[in-house]
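Protein chains in written order, with the working numbering: chain C, 1 to 273; chain L, 1 to 305.
This report concerns only the one structure given below.
Written as C-alpha cells, this is what we have:
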C-alpha cells in the first residue's frame with residue numbers, strides 16, 4: 001500500500017522530534033560508559049571504544065548515601081501528604097461547609113507560590129523545632145507544601161463520585177468516617193496511585209528546600225549531591241553523567257512502569273482544563 | 001448531612017487549614033516584614049533588632065543593575081520558553097492525534113523528560129551546550145555542527161554575552177533545555193483536549209466540506225482555547241520561578257547573562273546573609289506569580305460556586 005505524502009511528512013516530523021528528545025539520553029549513556037581517559041569534549045558524540053563501568057562505580061560510590069537520603073525523605077513525605085490530601089479532598093467535595101470554596105482556593109494558592117517567599121521563615125522555624133539540617137526537616141517541608149496539590153487531586157476525583165453512594169452509606173447508619181473508609185477509599189485506589197506517583201516524582205526531584213535546609217553533605221538528597229559533583233575541582237564527566245542517570249533512575253522507572261498514572265497526575269496538576 | 005458530621009468534617013480539615021494559614025500566609029507575612037527591615041548583615045539579624053526601613057530594600061533592588069538584568073532575563077526567558085513549549089506541544093499533539101501506528105511510543109518519548117529533575121536536565125544540557133573553543137576546537141553541539149558541515153551554526157551558547165536590545169542571547173540554550181523538559185506537558189494537555197472533541201463535530205465539519213486546515217483553525221483551535229490558557233498559566237508561573245535548571249546549568253553566567261531573580265535571591269540570602277534584600281526579591285517574585293495565578297484561581301472558583 002502506498003503511504004500518503006502527509007503520512008510520510010508526519011512520520012518524518014515525529015522522528016525528528018524523537019531524535020531531539022533522546023539526544024541527551026544518548027549523550028548521558030555514551031559518556032557514562034567511557035573510561036575517564038576517553039572522555040573529552042572532542043569525542044563526546046562518539047560511541048565508546050572501550051567500555052568502562054568506572055563512571056557508574058564512581059557515581060554509585062559518591063551518590064549512594066544521598067540516594068538513600070532521598071528514599072528516606074520521599075517515602076514518608078509522599079505517604080503522609082497523600083493520606084491527608086485524601087481526607088481533605090473528601091471533606092471539600094462531599095461534606096461541604098460554609099466558605100469551603102474560598103478556603104479551598106486559598107489552600108490551592110499555596111501550590112503556586114514561589115517557595116522563596118516562605119523560605120527564610122521556614123528555615124528559622126525548622127531551627128526552632130530542631131529539624132533544620134535534617135532529613136526530618138525536608139520531610140516536614142515537602143509534606144506541608146504538598147498538601148495543596150494532593151487535596152486538589154483527591155477533591156477533583158471525589159467530585160465525580162456520585163453523592164448517592166455516600167448518602168446510601170449514611171442511610172445504612174455509618175457516620176462520615178464510615179462512608180469515607182468503606183465507600184470512598186476502596187473507590188479511590190487509582191487516585192491514590194496518581195497522587196503517590198506525582199508526589200514521589202516531585203519530592204525526589206525537589207532542589208530548593210533540599211539545598212537550603214541541609215548543608216551537611218551526608219544529609220543531602222541526591223539532587224543536591226549531583227549539583228555538588230559538578231562543582232568539585234576536577235569534573236569527571238563520565239562520573240557526572242552516570243550520576244545524572246542514577247539520580248534520574250527512580251523517577252524514570254516509575255514513569256516507564258506506571259506512565260498512564262503519571263500522565264493523569266500531570267493533567268490533574270494543571271488545575272482544570 | 002447531620003450537623004455532627006459537618007463539625008467532624010471541619011475538625012478533620014482544620015489541621016491542614018491551620019498549617020496553610022501558618023506556613024503559607026503567616027510565613028509570607030514574615031518575609032514581607034523582613035523585606036522592610038535592616039537585616040542585611042548577619043550581626044543585625046543576630047541582634048534581632050527589627051528596624052523598619054520602609055521601601056529602602058525595594059528601592060535598592062530596583063536600582064540594582066544586576067536585578068534589572070534579571071527582570072529582562074525573566075521576560076526574555078518566559079517568552080522563549082512559553083512560545084517554544086506551546087508551539088512544540090500543539091504540533092506534536094496534532095501529529096499524534098492522527099492515530100498513526102507507533103504514536104504511543106512517540107508520546108512516551110516526548111513525555112519522559114517530565115519525570116526528570118531540573119538539575120538532571122541542567123547538568124546534561126550544560127554538557128551538550130558547552131561551546132568549546134570554536135572554530136579552533138569546538139565542543140558539544142558545536143562539534144556536532146562542525147562534523148555535519150554546519151559550521152555556520154556554531155556560537156557561544158550560554159557563554160555568549162551577545163544580546164538583542166536588553167535580551168541576553170545566552171538564555172536561548174537555557175530555554176531550549178526547559179522546552180525539552182516541559183513541552184511534553186503541553187503536548188499531553190493538548191492531546192487530552194483534542195481527544196475530548198466529539199467525533200460528531202468533526203464528522204459534521206467534514207460533511208460540510210471543510211478541509212483539514214479549516215477543521216483545525218475553525219473547529220479544533222477555538223475548542224482548545226481553555227487549554228492554551230491553562231498551559232500559559234502553568235508554564236508562566238514555572239518560568240517566573242525558574243531556579244534549579246539555571247543553577248545547575250549555567251549559574252549567573254558571564255556578566256549575569258543567565259541570571260534570574262531566584263538565583264540572585266539565593267546568593268543574597270544564603271551566600272551573603274543579606275536577608276532583607278533577598279526577601280524583597282522573593283516578594284517581587286511572589287507578586288509576579290500572583291498576578292498570573294490569582295485571576296485564574298478566582299475565575300475557576302466562581303465557575304464552581
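Every residue gets a Cβ at the ideal spot worked out from N, C-alpha and C, and that includes glycine.
All values reported here derive from a predicted model rather than from experimental measurement.
Asked                                                                                                                                                                            : Found
For the region 230-239 of chain L and the region 172-189 of chain L, state whether three or more C-beta atom pairs, one from each stretch, are separated by less than 8 Å.       : yes
Apart from the five residues just before and just after residue 273/C, which ones in its own chain have a Cβ nearer than 7 Å to its Cβ?                                          : A caution first: residue 273/C carries a pLDDT of 35, below 50, which makes its placement in the model too unreliable to give a value.
What residue does the alpha helix (DSSP H) around residue 130/L start on, and which one ends it?                                                                                 : Careful: residue 130/L lies outside any alpha helix (DSSP H) and carries neither H nor E.
Can you give me the C-alpha to C-alpha distance between residue 103/C and residue 17/L, rounded to a whole angstrom?                                                             : 8 Å
Using beta-carbon positions only, say whether residue 275/L and residue 234/L come within less than 9 Å of one another.                                                          : no
With 9 Å set as the bound, which would you pick, yes or no: does the beta-carbon of residue 44/L sit closer than that to a beta-carbon of chain C?                               : no
Assign residue 38/L to one of three DSSP states: helix, strand, or coil.                                                                                                         : coil
Hey, out of 142/L, 129/L, 108/L and 192/L, whose CA is closest to residue 170/L's CA?                                                                                            : 129/L
Just the Cα atoms here: how many angstroms apart are residue 73/C and residue 270/L?                                                                                             : 23 Å
Can you list, in chain order, the residues of its chain with a C-beta nearer than 7 Å to that of residue 278/C? Leave out the 5 residues immediately preceding and following it. : Not covered by the structure: residue 278/C. The range shown for chain C is 1 to 273.
Quick one: which chain C residues come within Cβ less than 7 Å of residue 95/L?                                                                                                  : 10, 13 and 14
On a Cα-Cα basis, can you pick out the residue from 264/L, 91/L, 61/L and 232/L that is closest to residue 247/L?                                                                : 264/L
Determine the contact status of residue 72/L and residue 167/L, defining contact as a CB-CB distance below 9 Å.                                                                  : yes
Keeping to the same chain, check which residues put their C-beta closer than 6 Å to that of residue 12/L; ignore five residues upstream and five downstream.                     : none
Where does residue 135/L fall in DSSP's three states?                                                                                                                            : coil
Quick check: what's the CA-CA separation for residue 22/L versus residue 69/L?                                                                                                   : 34 Å
Taking a Cβ distance cut-off of 9 Å, strictly less, list which residues of the region 19-38 of chain C are near chain L, in chain order.                                         : 20, 21, 22, 23, 24, 25, 27, 28 and 31
Shorter than 8 Å, the distance from the beta carbon of residue 207/C to the closest heavy atom of the ligand FMN, or not?                                                        : This structure lacks the ligand FMN, and indeed carries no ligand of any kind.
Taking a Cβ distance cut-off of 7 Å, strictly less, list which residues of the region 16-32 of chain L are near chain C, in chain order.                                         : 16, 17, 19, 20, 23, 24, 27, 28, 30 and 31
How many Å lie between residue 27/L and residue 294/L at the Cα?                                                                                                                 : 19 Å
Which residue marks the beginning of the alpha helix (DSSP H) containing residue 283/L, and which one marks its end?                                                             : 275-304
Please confirm whether residue 246/L has its beta-carbon closer than 9 Å to some beta-carbon of chain C.                                                                         : no
Express the C-alpha separation of residue 106/L and residue 195/L in angstroms, rounding to a whole number.                                                                      : 17 Å
Can you name the residues of chain L whose CB is closer than 8 Å to the CB of residue 147/C?                                                                                     : 16, 19 and 20
Out of 15/C, 88/C, 105/C and 50/C, which one is the CA nearest neighbour of residue 290/L?                                                                                       : 105/C
Over the uninterrupted alpha helix (DSSP H) stretch that includes residue 64/C, give me the two end residues.                                                                    : 54-90
Taking only beta carbons into account, state which residues of the region 58-72 of chain C come closer than 8 Å to chain L, listed in chain order.                               : none
Can you pull the chain L neighbours of residue 45/C, defined as C-beta to C-beta under 7 Å?                                                                                      : 143 and 144
What do you reckon, are the CB atoms on residue 187/L and residue 262/C nearer than 9 Å?                                                                                         : no
Nearest to residue 102/L by alpha carbon, out of 212/C, 268/C and 10/C?                                                                                                          : 10/C
In whole angstroms, what is the alpha-carbon distance linking residue 297/L and residue 90/C?                                                                                    : 20 Å
Using 9 Å as the threshold, is the C-beta distance between residue 120/C and residue 243/L below it?                                                                             : no
May I ask you to verify whether the region 152-160 of chain C touches the region 184-199 of chain C, counting CB pairs closer than 8 Å and requiring at least 3?                 : yes
Are the C-beta atoms of residue 208/L and some chain C residue less than 9 Å apart?                                                                                              : no
What would DSSP say about residue 243/L, mapped onto helix, strand or coil?                                                                                                      : coil
Within 10 angstroms of the Cβ of residue 249/L, are there 16 or more other Cβ atoms? Answer buried if so, exposed if not.                                                        : buried
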